[in-house]
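Q: Here's a structure for you.
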Amino acid sequence: MYENRSVIYFQLAWRNIWRNPRRTIVIMLAVIIGVWSMVFLGALMRGLEVGMIKNGIATLTGNIQIHHQEYRNDPVIDHSITDTREVKAALKQTLPPGARWSFRVRVSAIASNARHSSRVTLVGIDPKHEAAVSFIGQAVTRGRYLGPRDTYGIVVGQALVDMFDTKIGHKLVLMSQASDGEIASKAFRIIGVFRAEMLATEKQFAFVTLPVAQHMLKLNEGISEISIALSNDQDTKRLATALKAKLPSDTYDIDPWWDLLPILNAYLELSDGFVFIWYVVVFISMGFGIINTMLMAVFERIREFGLFKAMGMKPGWIIREVLLESFLLLVIGMVFGNISGLITVLAFSTNGIDLSALAAGAEFAGISRMLYPVIYGMDIAIANLVVLVLGILVSLYPAARAARFTPVEALAHT
Amino acid sequence: MSIVECVDVQKTYHQGKVQVHALRGISLSIEKGGFVALAGPSGSGKTTMLNMIGGLDQADSGRIVVGGKVFENMNQSQIADLRLYNVGFVFQAYNLIPVLSAIENVEFVMLLQGIPADERQKRAKAILDEVGLENKYDRRPAELSGGQQQRVAVARAIVSNPSIVLADEPTANLDSVTGNGLLKIMKDMNEIKKVTFIFSTHDSMVMDYARRIIYLRDGQIAKDKIK
Ligand SMILES: Nc1ncnc2c1ncn2[C@@H]1O[C@H](COP(=O)(O)OP(=O)(O)OP(=O)(O)O)[C@@H](O)[C@H]1O
Ligand SMILES: [Mg+2]
Numbered sequence: 001m002y003e004n005r006s007v008i009y010f011q012l013a014w015r016n017i018w019r020n021p022r023r024t025i026v027i028m029l030a031v032i033i034g035v036w037s038m039v040f041l042g043a044l045m046r047g048l049e050v051g052m053i054k055n056g057i058a059t060l061t062g063n064i065q066i067h068h069q070e071y072r073n074d075p076v077i078d079h080s081i082t083d084t085r086e087v088k089a090a091l092k093q094t095l096p097p098g099a100r101w102s103f104r105v106r107v108s109a110i111a112s113n114a115r116h117s118s119r120v121t122l123v124g125i126d127p128k129h130e131a132a133v134s135f136i137g138q139a140v141t142r143g144r145y146l147g148p149r150d151t152y153g154i155v156v157g158q159a160l161v162d163m164f165d166t167k168i169g170h171k172l173v174l175m176s177q178a179s180d181g182e183i184a185s186k187a188f189r190i191i192g193v194f195r196a197e198m199l200a201t202e203k204q205f206a207f208v209t210l211p212v213a214q215h216m217l218k219l220n221e222g223i224s225e226i227s228i229a230l231s232n233d234q235d236t237k238r239l240a241t242a243l244k245a246k247l248p249s250d251t252y253d254i255d256p257w258w259d260l261l262p263i264l265n266a267y268l269e270l271s272d273g274f275v276f277i278w279y280v281v282v283f284i285s286m287g288f289g290i291i292n293t294m295l296m297a298v299f300e301r302i303r304e305f306g307l308f309k310a311m312g313m314k315p316g317w318i319i320r321e322v323l324l325e326s327f328l329l330l331v332i333g334m335v336f337g338n339i340s341g342l343i344t345v346l347a348f349s350t351n352g353i354d355l356s357a358l359a360a361g362a363e364f365a366g367i368s369r370m371l372y373p374v375i376y377g378m379d380i381a382i383a384n385l386v387v388l389v390l391g392i393l394v395s396l397y398p399a400a401r402a403a404r405f406t407p408v409e410a411l412a413h414t
Numbered sequence: 001m002s003i004v005e006c007v008d009v010q011k012t013y014h015q016g017k018v019q020v021h022a023l024r025g026i027s028l029s030i031e032k033g034g035f036v037a038l039a040g041p042s043g044s045g046k047t048t049m050l051n052m053i054g055g056l057d058q059a060d061s062g063r064i065v066v067g068g069k070v071f072e073n074m075n076q077s078q079i080a081d082l083r084l085y086n087v088g089f090v091f092q093a094y095n096l097i098p099v100l101s102a103i104e105n106v107e108f109v110m111l112l113q114g115i116p117a118d119e120r121q122k123r124a125k126a127i128l129d130e131v132g133l134e135n136k137y138d139r140r141p142a143e144l145s146g147g148q149q150q151r152v153a154v155a156r157a158i159v160s161n162p163s164i165v166l167a168d169e170p171t172a173n174l175d176s177v178t179g180n181g182l183l184k185i186m187k188d189m190n191e192i193k194k195v196t197f198i199f200s201t202h203d204s205m206v207m208d209y210a211r212r213i214i215y216l217r218d219g220q221i222a223k224d225k226i227k
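If you're matching them up, the sequences are chains A and B in order. Each residue of the first sequence is one higher than the last, beginning at 1 in my numbering. Each residue of the second sequence is one higher than the last, beginning at 1 in my numbering.
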């Protein structure tokens with residue numbers, strides 16, 4: 001019995017929406033454009049996020065870092081990890097086979113040549129291990145990357161080279177405080193220049209080999225940090241906890257990336273809200289169109305609703321019929337909106353969107369030069385749910401109007 | 001046995017400050033199987049009376065009983081059910097749902113009643129054949145003439161075997177030949193299926209078909225003629 005009625009409602013609703021094809025197509029276009037913009041702009045925002053996370057992790061952060069307990073509060077040379085055996089053992093026991101890690105010395109330094117000087121971060125790395133953990137392994141665009149025995153070689157960013165008006169083969173002097181409290185200074189030769197997503201990164205970091213940095217700063221075997229790259233960021237939380245269990249907390253500070261990049265993390269927490277607000281804003285403009293269309297459709301058919309009542313249809317049945325009409329409009333619009341949104345995302349996802357025109361402002365916020373839109377299943381589900389649920393809700397008003405006409409006034413209406 | 005009982009039915013419409021006494025105490029009783037005309041000049045209360053009997057409108061006072069059911073004891077949903085199962089309507093025009101074909105219009109009421117598809121189709125075709133529309137099953141209302149539309153409306157009104165069919169000036173929009181044809185069909189249906197018909201009209205030729213004519217004037221029964 002119920003099935004029978006559904007069939008006739010469906011038939012009625014389907015034919016009714018095509019009584020005025022132009023109006024139907026206009027409102028469907030509104031739904032299509034709305035859903036398209038939800039899908040596409042949502043994917044852009046997610047792409048921005050993913051880019052920011054990738055950037056953040058690759059720019060020396062890694063998924064997890066281990067430091068001396070005091071280092072993050074006060075990153076001075078005294079707060080180094082002097083004996084790495086305990087950490088090495090814990091890493092080997094805890095981390096899965098795909099995980100890579102790198103030991104670094106990382107200190108503030110002054111770089112200078114004959115004409116310029118600037119504050120930089122001197123990073124001593126094991127070239128082979130570091131390449132598997134951070135961006136620098138792939139980032140050298142001119143000259144060459146560090147080799148294990150580069151005693152005088154230094155790799156700096158393109159922006160620093162530009163700023164210092166220097167080039168490969170030229171000298172660069174670095175100064176920093178050594179562990180004995182004296183100022184250590186050493187002359188290097190630029191052997192490679194790297195590019196990074198952000199100019200700030202290119203200006204900030206200067207890379208030398210780990211033994212050279214340790215020797216210069218009189219650290220012996222000491223290091224400043226261990227950066228761990230995981231093949232899957234989903235494991236970060238679990239593995240950070242596992243490492244904390246292995247290593248004494250009064251000696252070591254173990255942090256997942258979101259604790260190391262608090263601003264990025266705060267942005268990520270907000271951006272779910274941004275995406276949702278965007279959906280609602282889009283819907284509001286669409287919602288007025290839906291109400292209007294349905295009201296027009298209902299007022300054009302007052303007589304028919306009177307007829308329905310004369311034939312014994314109850315108000316609830318009439319409401320259902322009208323709601324089914326907007327449901328069909330919405331679902332058809334949503335199908336095409338999703339398809340066109342996904343196609344647009346796909347079209348941009350391989351080559352990305354070049355933001356370099358905006359980069360001067362954007363990089364400040366940690367945004368990559370290239371933006372690759374990213375689809376989250378959850379975003380799509382929420383966007384569609386918003387359209388469908390709110391769409392049906394706003395259609396309740398026209399539907400209730402249709403059901404409220406009394407048969408006498410409806411039948412008198414021609 | 002009477003199928004419709006009205007006792008002192010009153011109805012006043014308020015239009016702003018003006019009060020229109022559409023029905024001023026109508027009492028009547030209509031026998032099962034009757035073929036009854038409501039006659040009277042424009043504004044005499046024919047439409048109002050039919051709407052009252054069909055439960056489309058509510059009386060201010062008085063008592064209406066249809067098929068043993070007393071309206072004042074029923075809620076809107078029960079009255080809707082009474083219309084669905086026991087009352088068929090035929091109006092002057094625009095009786096059909098424009099997006100449904102002739103046969104779908106006839107099936108519609110049976111669908112609401114939950115009658116299975118094969119039986120629905122069988123009955124719809126049979127009734128359309130009886131009203132002379134055997135070749136027009138799949139026409140939409142816009143593709144039918146006025147007379148054909150009214151015949152579909154009659155078919156729809158009686159297909160689910162209601163106890164009464166209420167027809168408000170069913171022939172008013174038709175020429176006299178077509179109108180006579182429709183009346184003949186209604187009369188046949190009344191005789192074959194024993195369905196009670198109550199119809200309103202101005203037209204004396206239409207009244208001739210009736211076995212009983214109730215004349216209304218100013219919301220009161222002026223004359224009740226049984227042939
Ligand atoms: N909804 C309404 N609001 C106000 N007055 C109404 C309404 N319906 C009917 N009337 C008035 O009630 C009176 C009876 O109307 P009704 O429609 O029943 O007459 P009728 O006999 O059917 O006339 P006609 O032959 O013109 O169809 C008329 O004076 C009419 O103006
Ligand atoms: Mg009338």
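We put the CB at the ideal spot given by N, CA and C, even for glycine. Because the structure is a prediction, the values reported are computed rather than measured.
Measure the C-alpha to C-alpha separation of L29 of chain A and S27 of chain B and round it to an integer number of angstroms.
A: Cα to Cα, the separation comes out at about 58 Å.
Q: Cβ closer than 8 Å: which chain C residues qualify as neighbours of L329 of chain A?
A: Absent here is chain C; the protein component of the structure consists of chains A and B.
Q: Closer than 7 Å to a non-hydrogen atom of ligand 1 - does that hold for the CB of G34 of chain B?
A: Every heavy atom of ligand 1 is 7 Å or more from the Cβ of G34 of chain B, so no.
Q: Counting only beta-carbon atoms, is K314 of chain A nearer than 8 Å to chain B?
A: Interface residue, yes.
Q: Closest Cβ-Cβ distance between I33 of chain A and chain B: below 8 Å?
A: False, the Cβ-Cβ gap to chain B never drops below 8 Å.
Q: For P407 of chain A, go through chain B and note every residue whose CB falls closer than 8 Å to its CB, in chain order.
A: Correct list: N51, L56, D57.
Q: Indicate whether I53 of chain B and V70 of chain B have their beta-carbon atoms separated by less than 8 Å.
A: Not closer than 8 Å, so no.
Q: Can you name the residues of chain B whose CB is closer than 7 Å to the CB of E304 of chain A?
A: Those are I97, listed as they occur along chain B.
Q: Report the three-state DSSP secondary structure of G169 of chain A (helix, strand or coil).
A: Looking at G169 of chain A - three-state DSSP - the assignment turns out to be coil, as it is neither helix nor strand.
Q: Let me make sure I understand the geometry here. Which of B:R83, B:I127, B:A59, B:P141 has the alpha-carbon closest to that of R156 of chain B?
A: Checked all of B:R83, B:I127, B:A59, B:P141; the closest Cα to R156 of chain B is B:I127.
Q: Should P116 of chain B go down as buried or exposed, given a rule of 16 or more other Cβ atoms within 10 Å for buried?
A: P116 of chain B comes out exposed.
Q: Do the region 324 to 340 of chain A and the region 17 to 26 of chain A touch if we need at least three Cβ pairs shorter than 8 Å?
A: Segments in contact, yes.
Q: Say the cut is 7 Å; is the CB of Y13 of chain B nearer than that to a heavy atom of ligand 1?
A: Y13 of chain B: yes, Cβ under 7 Å from ligand 1.
Q: Nearest chain A C-beta to F199 of chain B closer than 8 Å, yes or no?
A: Output row for F199 of chain B: interface = no.
Q: How many angstroms separate the CA atom of L12 of chain A from the CA atom of T171 of chain B?
A: L12 of chain A and T171 of chain B: Cα-Cα distance of roughly 28 Å.
Q: How many angstroms separate the CA atom of N73 of chain B from the CA atom of Q58 of chain B?
A: Approximately 12 Å, taken between the alpha carbons.
Q: Give the residues whose C-beta lies closer than 7 Å to at least one heavy atom of ligand 2, in chain order.
A: Checking every Cβ against the heavy atoms of ligand 2 under 7 Å gives B:K46, B:T47, B:D168, B:E169, B:S200.
Q: Give a yes or no on whether 8 Å exceeds the smallest Cβ distance from D60 of chain B to chain A.
A: Answer no: the Cβ-Cβ gap between D60 of chain B and chain A never drops below 8 Å.
Q: Would the beta-carbon of S44 of chain B be found less than 7 Å away from any heavy atom of ligand 1?
A: It does: the Cβ of S44 of chain B is within 7 Å (strictly closer) of some heavy atom of ligand 1.
Q: Quick one: which residues of the region 27 to 46 of chain B get their C-beta closer than 7 Å to a C-beta of chain A? List them in chain order.
A: If the cut-off is 7 Å between Cβ atoms, the region 27 to 46 of chain B has nothing near chain A.
Q: How should S356 of chain A be labelled, buried or exposed, when 16 other C-beta atoms within 10 angstroms of its C-beta is the threshold for buried?
A: By the neighbour-count rule (16 or more Cβ atoms within 10 Å), S356 of chain A is not buried but exposed.
Q: Compute the distance between the beta-carbons of I213 of chain B and M205 of chain B, then report whether it is under 8 Å.
A: It is not a contact, given that the beta carbons lie outside the stated cut-off.
Q: Considering only heavy atoms of ligand 1, does any lie closer than 7 Å to the CB of G40 of chain B?
A: Under cutoff, so the answer is yes.
Q: Identify the continuous alpha helix (DSSP H) that holds P127 of chain A and give its terminal residues.
A: Taken as a continuous stretch (DSSP letters only), the alpha helix (DSSP H) holding P127 of chain A covers 127 to 133.
Q: Reducing DSSP to helix, strand and coil, say where Q81 of chain B ends up.
A: Reading off the sequence shown, one finds Asp at residue 81 of chain B, where the question assumed Gln. Here D81 of chain B sits in helix by DSSP.
Q: Taking the C-alpha atoms as reference points, what is the distance between Y376 of chain A and V275 of chain A?
A: Rounded to whole angstroms, Y376 of chain A to V275 of chain A spans 11 Å at the Cα level.
Q: Could you tell me how far apart the beta carbons of L286 of chain B and M311 of chain A are, in whole angstroms, since I believe they sit closer than 8 Å?
A: Missing from the structure shown is residue 286 of chain B; chain B here goes from 1 to 227 and no further.
Q: Measure the CB-CB distance between L239 of chain A and T61 of chain A and report whether it falls below 8 Å.
A: Against a cut-off of 8 Å, the Cβ pair of T61 of chain A and L239 of chain A comes out as no contact.
Q: Which same chain residues, not among the five before or five after R139 of chain B, have their C-beta less than 7 Å away from its C-beta?
A: Result list for R139 of chain B: S101, A102, in chain order.
Q: Would M311 of chain A pass as an interface residue toward chain B - the criterion being a Cβ-Cβ separation below 8 Å?
A: Cβ-Cβ to chain B under 8 Å: yes for M311 of chain A.
Q: Could you pull the start and end residues of the beta strand (DSSP E) that P398 of chain A belongs to?
A: Taken as a continuous stretch (DSSP letters only), P398 of chain A belongs to no beta strand (DSSP E), being part of the alpha helix (DSSP H) at 377 to 404.
Q: Say whether chain A places a C-beta atom closer than 8 Å to the C-beta of V109 of chain B.
A: Yes, because at least one Cβ of chain A sits closer than 8 Å to the Cβ of V109 of chain B.
Q: Please confirm if L261 of chain A has its CB atom under 8 Å from at least one CB of chain B.
A: Taking Cβ atoms only, chain B never reaches closer than 8 Å to L261 of chain A, which makes this a no.
Q: How should L38 of chain B be labelled, buried or exposed, when 16 other C-beta atoms within 10 angstroms of its C-beta is the threshold for buried?
A: Looking at its Cβ environment, which holds 16 or more other Cβ atoms inside 10 Å, L38 of chain B is buried.
Q: The beta strand (DSSP E) spanning H215 of chain A covers which residue range?
A: Segment 210 to 216 is the alpha helix (DSSP H) holding H215 of chain A; no beta strand (DSSP E) there.
Q: Please list the partners that F91 of chain B has in chain A, where partner means a Cβ-to-Cβ separation under 7 Å.
A: Residues of chain A passing the Cβ test: L411.
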